[in-house]
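J.: Have a look at this one.
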Amino acid sequence: MANTAIGGRPARGALPVRRLLAPSSRGAALALFVARRVLWMVPVLFFVILITFTLMHLAPGSPWDKAGGRQLSASIVENLNTRYGLDKPIWQQFLLYLWNVTHFDFGLSYQYQGRTVSALLVSAWPYTATLGVLAFCVIVPAGIGLGVVAALRQNSRIDYIAMGFSTFGASVPNFVVGMLFIIVFGVMLYNITGGNYSLPVSGFGLDDHLIMPVVTLALLPTAFIARLTRASTLDILRQDYVRTAWAKGLSERLVVLKHILKNSLIPIVTALGPTFAFLVTGSVIVETVFVIPGIGRSFVEAVTSRDYPMILATTVLFSVVVAIANLVVDVLYVFIDPRVRLT
Amino acid sequence: MALPIPSAPLVQQQDWDVPEQVGLWTDVWRRFRRNRLAVAGAVIVVILVLDAVLAGLLVQIGLIQDPIKQHVELSATGPSAAHLLGTDELGRDTLSRLMFGARISLTIGILVQGIYVLIGGTIGLVAGYAGGRVDNLLMRFTDIWFAFPDLLFVLVLVSVFSPSLLSIFVAIGIVNWVGLARLVRGQVLSIKEKEFVESARAVGSSHFKIVLRHLVPNALGPIIVTLTFGIPAAIFLEAALSYIGVGIQPPTPSWGVMIQDGYQAIYAAPSQVLFPGIAIAITMLSFSFIGDGLRDALDPRMRR
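Chains as they are written, first to last, in numbering that gives the first Met the number 0: chain B, 0 to 342; chain E, 0 to 303.
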């Protein structure tokens, strides 16, 4: 991973102008790097909005079509179109939307008439954030711990158990895992204890309601991180400087913590970016399985009822979260691995 | 035309062991066979494919039940002689629905890889081979595509084009080709600097020929591995979509739909969630094991 060019652009073809502006110190280079990455988010988000917006308007039918039921009269549809700004030409709608988004105004929800998308997102956000943060707190220590232990005791029983777990975790879909949890800890435990104890299978609360959703959400990323940590630790274990560290008689604790772990964590940091993407995807499914009123679930509801402003806003919001996570990871990477070139 | 080469007398006795000459794919197959999990995965996949192909015929012979026919009097029963894996809440035979569900999962899982190759393969190849501005442009495009969280984008696409087997298949393909594009580009970038490509260029091979004869075959290993791992990912996405209710629509039996249906009667018959869940898990595991096996078998560092 040495000298990896990270960031938005490849290293080649630097313009002479850029060389004139070449920063003198690493600190300035870092500032420039961060600034460039933040700026790069602007076109990305623009295209995310453009693509999603276009798709929404490509969809056949209008949002006022009622499946099977009585259709709205033409004059009502016209009024609705005026109210939601759908009577304007599409490019005007798009520009207006962009303008509003920069003011954090995501428009009105079709599904819950009279409520703004922003209000809906704000009320759903705490659930998703709580789940995500807790899952992240499980993923990082569990994933890294499993991976390191498996690598240090390669081909031992612990290694096989850890890798078996991570293969299982990566291959069994999280909604199946969620269902299994519901069957075992919700239904069976309820029956066995005669209804005295079971984990709650729906709803949300800052108590045992959290156990099953958080574990379900954390499973796949944990497995992913564990596999990666094991591979990178095995790689480090074979390095000369590790052999030297053992040879000069350092304690196991010192070798593992200072020489092995510190270096094997470098690739793991880059994996934390995709972890956020996993959490976003996972939240959609886990919130549906456990009926948690978070953003993921409201997104699914918006999709099934074709609530376009809601779909658009959620896509933008999640893309921003993933983009910021990737940005933070890239910047962290520069601090952790001094070999990285800033491009 | 060939110059007469003075041939040395054939040496009949050798005092050293010449390693047996085997081609790449023979060698790969040999090493793949040694990986027991991978072979088990391959066997299961073969069985699943047979099941998917023959399911319709088996119904006609009367060996398994019609997956859509309802027997309301047999709502959510456990396993019995007539229904080996029981029935769902509408009294449909679970075994038969599972077997038909394999059709959907395998079709999506495998065909979607074709779209990845079509979009991702082409973009990666062109970007890597052309380099320069084309490369820059295509990779920026790929970066933008990568910014979409995959399940969200698939959900959006499917909701726009109304759920059907075709729209799910296209949506997953359109969203997830990015990984392959990056891989192919990386492969092409490293291979095109190799001496044999340079010599091919020196003797005047066309770009077309260089790409087809030299770049593609040499990049094939990692691509196959990536595609194999892409299959369980696509199967997962289809099942998740169908589970959420925006994928395959009832009464067509898909494993995701079956889990959703089973959830309605989870207290009465938890097995109706369990069986399709196990089916998805086994299928995804099998493909992952095959992928692991292929990766190790194709890794030149592990060659004898």
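Each residue gets a CB set at the ideal place from its N, CA and C atoms; glycine is no exception.
Please read all numbers here as calculations on a predicted model, not as lab measurements.
What residues in the stretch 300 to 325 of chain B have a beta carbon less than 8 angstroms from any beta carbon of chain E?
T.: Within the stretch 300 to 325 of chain B, the qualifying residues are Val302, Thr303, Arg305, Ile310, Thr313, Thr314, Phe317, Ser318, Val321 and Ala322.
J.: Does DSSP put Thr51/B in a helix, a strand or coil?
T.: Start at 1 with the first residue of the first sequence, and residue 51/B comes out as number 52. In this structure, Thr51/B counts as helix in the three-state DSSP scheme.
J.: Assuming Ser282/B contacts Leu216/B (C-beta within less than 8 angstroms), just tell me the rounded distance between them.
T.: On the first sequence, position 283 is the one that residue 282/B refers to. On the first sequence, position 217 is the one that residue 216/B refers to. Sure, about 7 angstroms apart at Cβ, within 8 angstroms.
J.: Taking only beta-carbon positions, decide if Phe184/B is within less than 8 angstroms of chain E.
T.: One-based indexing of the first sequence puts residue 184/B at position 185. Closer than 8 angstroms: no.
J.: With DSSP run on the structure shown, which of helix, strand or coil describes Thr251/E?
T.: For the purposes of this step, residue 251/E is taken as residue 252 along the second sequence, with counting starting at 1. The answer is coil: DSSP assigns Thr251/E none of H, G, I, E or B.
J.: Starting from the N-terminal side, write out each stretch of the alpha helix (DSSP H) that is 4 residues or longer and does not extend beyond the stretch 206 to 281 of chain B.
T.: Counting only runs of 4 or more, we get 210 to 236 and 239 to 246.
J.: Report yes or no: is there a C-beta of chain E within less than 8 angstroms of the C-beta of Met0/B?
T.: The count along the first sequence starts at 1 and reaches residue 0/B at position 1. Note that Met0/B has pLDDT 38, beneath the 50 cutoff, so the model's placement of it is unreliable and the number below is only indicative. False, the Cβ-Cβ gap to chain E never drops below 8 angstroms.
J.: Given that a residue counts as buried once 16 or more other Cβ atoms are within 10 Å of its Cβ, and exposed if not, what is Val41/B?
T.: Numbered from 1 along the first sequence, position 42 holds the residue referred to as residue 41/B. Classification for Val41/B: exposed.
J.: Let me confirm a value: Trp245/B is counted as buried when at least 16 other C-beta atoms fall within 10 Å, else exposed. Which label applies?
T.: What you label residue 245/B is simply residue 246 of the first sequence in a count that begins at 1. By the neighbour-count rule (16 or more Cβ atoms within 10 Å), Trp245/B is not buried but exposed.
J.: According to a CB-to-CB cut-off of less than 9 angstroms, which residues of the stretch 155 to 174 of chain B neighbour chain E?
T.: Residues passing the 9 angstroms Cβ filter: Thr166, Phe167, Ala169, Ser170, Val171, Pro172, Asn173 and Phe174.
J.: In whole angstroms, what is the alpha-carbon distance linking Leu182/E and Pro140/B?
T.: One-based indexing of the second sequence puts residue 182/E at position 183. One-based indexing of the first sequence puts residue 140/B at position 141. Spanning the two alpha carbons is a distance of roughly 30 angstroms.
J.: In the DSSP assignment, find the unbroken alpha helix (DSSP H) run with Phe164/B in it and report its ends.
T.: Here residue 164/B refers to the residue found at position 165 when the first sequence is read from its first residue. Here the alpha helix (DSSP H) through Phe164/B covers Arg156 to Ser170.
J.: Under the rule that 16 or more other beta-carbon atoms within 10 Å means buried, what is Gly163/B, buried or exposed?
T.: What you label residue 163/B is simply residue 164 of the first sequence in a count that begins at 1. It is exposed - the Cβ of Gly163/B has fewer than 16 other Cβ atoms within 10 Å.
J.: Given that Ala276/B touches chain D, what residues does it touch there, using C-beta distances under 7 angstroms?
T.: Of the protein chains in this structure, namely B and E, none is chain D.
J.: Could you compute how far the alpha carbon of Gly244/E sits from the alpha carbon of Thr303/B?
T.: The residue given as residue 244/E occupies position 245 in the second sequence. The residue given as residue 303/B occupies position 304 in the first sequence. Using only the alpha carbons, I get a separation of about 8 angstroms.
J.: Using 8 angstroms as the cut-off, can you tell me whether the stretch 113 to 132 of chain E makes contact with the stretch 275 to 289 of chain B, which would need three or more C-beta pairs spanning the two stretches below that distance?
T.: Because the criterion of three Cβ pairs below 8 angstroms is not met, the stretch 113 to 132 of chain E and the stretch 275 to 289 of chain B do not touch.
J.: I want to see whether chain B comes within less than 8 angstroms of Pro249/E, judged by CB atoms only; does it?
T.: Along the second sequence, read from residue 1 onward, the residue named residue 249/E stands at position 250. Not closer than 8 angstroms to any Cβ of chain B, the Cβ of Pro249/E fails to qualify, so no.
J.: Let me confirm a value: Lys247/B is counted as buried when at least 16 other C-beta atoms fall within 10 Å, else exposed. Which label applies?
T.: Stepping through the first sequence from its first residue, residue 247/B is reached at position 248. Label assigned to Lys247/B: exposed.
J.: By alpha-carbon positions, which one of Glu300/B, Cys136/B, Leu151/B and Gly295/B ends up nearest to Pro220/B?
T.: Within the first sequence, numbered from 1, the residue matching residue 220/B stands at position 221. Of the listed residues, the one whose Cα sits closest to Pro220/B is Cys136/B.
J.: Beta-carbon within less than 8 angstroms of Leu297/E's beta-carbon, same chain only, minus the 5 sequence neighbours each way: which residues are those?
T.: By one-based count along the second sequence, residue 297/E stands at place 298. For Leu297/E, where only same-chain residues beyond five positions count, the Cβ hits under 8 angstroms are Val27, Gly220, Pro221, Ile223 and Val224.
J.: Could I get the ranges of all uninterrupted beta strand (DSSP E) runs contained in the stretch 96 to 120 of chain E, with 3 residues as the minimum, in chain order?
T.: None, since the stretch 96 to 120 of chain E contains no complete beta strand (DSSP E) of that length.
J.: Find the nearest neighbour of Ile391/E within the set Leu240/E, Ile258/E, Ala278/E and Phe235/E, judged by alpha-carbon distance.
T.: Any answer about residue 391/E is impossible in this case: the structure gives chain E only from 0 up to 303.
J.: Thinking C-beta only, is Phe203/B closer than 8 angstroms to Ile291/B?
T.: On the first sequence, residue 291/B is found 292 positions in, with the first residue counted as 1. On the first sequence, residue 203/B is found 204 positions in, with the first residue counted as 1. The answer is yes: Cβ separation under 8 angstroms.
J.: So is Thr93/E buried or exposed if we call it buried at 16+ other beta carbons inside 10 Å?
T.: Sequence index remark: in the second sequence, residue 93/E carries index 94 (1-based). Buried is the call here.
J.: Could you please tell me which residues of the stretch 114 to 125 of chain B, in chain order, have their CB closer than 7 angstroms to any CB of chain E?
T.: The residues in question: there are none.
J.: First and last residue of the alpha helix (DSSP H) that includes Gln92/B?
T.: Here residue 92/B corresponds to residue number 93 of the first sequence, with the count starting at 1. Start and end: Ile89 to Thr101.
J.: Give, in chain order, every residue of the stretch 212 to 237 of chain B whose Cβ lies closer than 7 angstroms to some Cβ of chain E.
T.: Under the 7 angstroms Cβ criterion, the stretch 212 to 237 of chain B contributes no residue.
J.: Roughly how many angstroms lie between the CA atoms of Ala170/E and Val148/B, to the nearest whole one?
T.: Counted from its first residue, the second sequence places residue 170/E at position 171. Counted from its first residue, the first sequence places residue 148/B at position 149. One C-alpha to the other measures close to 40 angstroms.
J.: Closest by CA to Tyr111/B, which one among Pro88/B, Thr313/B and Glu300/B?
T.: Position 112 of the first sequence, counted from the first residue, corresponds to residue 111/B. Taking only the C-alpha atoms, the option nearest Tyr111/B is Glu300/B.
J.: Using beta carbons (cut-off 8 angstroms, strictly below), is Thr368/B in contact with chain E?
T.: The structure shown does not extend to residue 368/B, since chain B is modelled only from 0 through 342, so no value can be given for it.
J.: Looking only at DSSP bridge pairs, what is Thr86/E linked to?
T.: As a working note, residue 86/E is residue 87 in the second sequence. Looking at the DSSP assignment, Thr86/E forms a beta bridge with Asp92/E.
J.: Leaving aside the five residues before and after Ile310/B along the sequence, list all residues of the same chain whose C-beta is less than 8 angstroms from its C-beta, in chain order.
T.: The count along the first sequence starts at 1 and reaches residue 310/B at position 311. Closer than 8 angstroms at Cβ, skipping near neighbours: Thr51, Met55, Phe298, Ala301 and Val302.
J.: Which bits of chain B does Gly244/E rub up against, with CB to CB less than 7 angstroms?
T.: Here residue 244/E refers to the residue found at position 245 of the second sequence. Thr303, listed in chain order.
J.: May I ask you to report which of helix, strand or coil DSSP gives Ile5/B?
T.: Here the question's residue 5/B lines up with position 6 in the first sequence. Any reading at Ile5/B must be qualified, since the residue scores a pLDDT of 45, below 50, and its modelled position is unreliable; the value itself is stated next. DSSP places Ile5/B in strand when its eight states are reduced to three.
J.: Suppose you measure from the CA of Pro78/E to the CA of Tyr262/E; what does that come to, to the nearest Å?
T.: Here residue 78/E refers to the residue found at position 79 when the second sequence is read from its first residue. Here residue 262/E refers to the residue found at position 263 when the second sequence is read from its first residue. Approximately 17 angstroms between the Cα atoms of the pair.
J.: Secondary structure at Leu145/B, three-state DSSP: helix, strand or coil?
T.: Looking up residue 145/B in the first sequence gives position 146. Of the three classes helix, strand and coil, the one that applies to Leu145/B here is helix, per DSSP.
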